[in-house]
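Numbering (the UniProt record's numbering), first residue to last: 1 to 63.
So the structure is just underneath, and the comments pick up after that.
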């Protein structure tokens with residue numbers, strides 16, 4: 001990106017999950033109003049809550 005910030009890919013975040021009750025993906029972190037607005041519009045760059053959702057990495061760590 002031009003401003004040097006890295007974009008966060010919500011699809012690979014551990015906090016991004018499919019809510020079966022509502023029928024769409026959502027962020028599991030308790031976001032404030034401004035953060036939620038950026039999340040919904042897709043402009044939430046460099047998310048401070050991002051955790052790479054690699055389940056295999058967790059398993060390798062446990063071995």
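Just so it is clear, CB atoms sit at the ideal spot from N, CA and C, and this is done for glycine as well.
Just so it is clear, the structure is predicted and the values come from calculations on it, not from any experiment.
Residue 52 is bridged by DSSP to 13. Counting C-beta atoms within 10 angstroms of its own C-beta, residue 25 has fewer than 16 neighbours from the protein chains shown and is therefore classed as exposed. Within its own chain, the residues whose Cβ lies closer than 8 Å to the Cβ of residue 52, once the five positions on either side in sequence are excluded, are 12, 13 and 14, listed in chain order. Here DSSP, grouped into helix, strand and coil, assigns residue 28 to coil. By DSSP's assignment, residue 22 forms no beta bridge with any residue.
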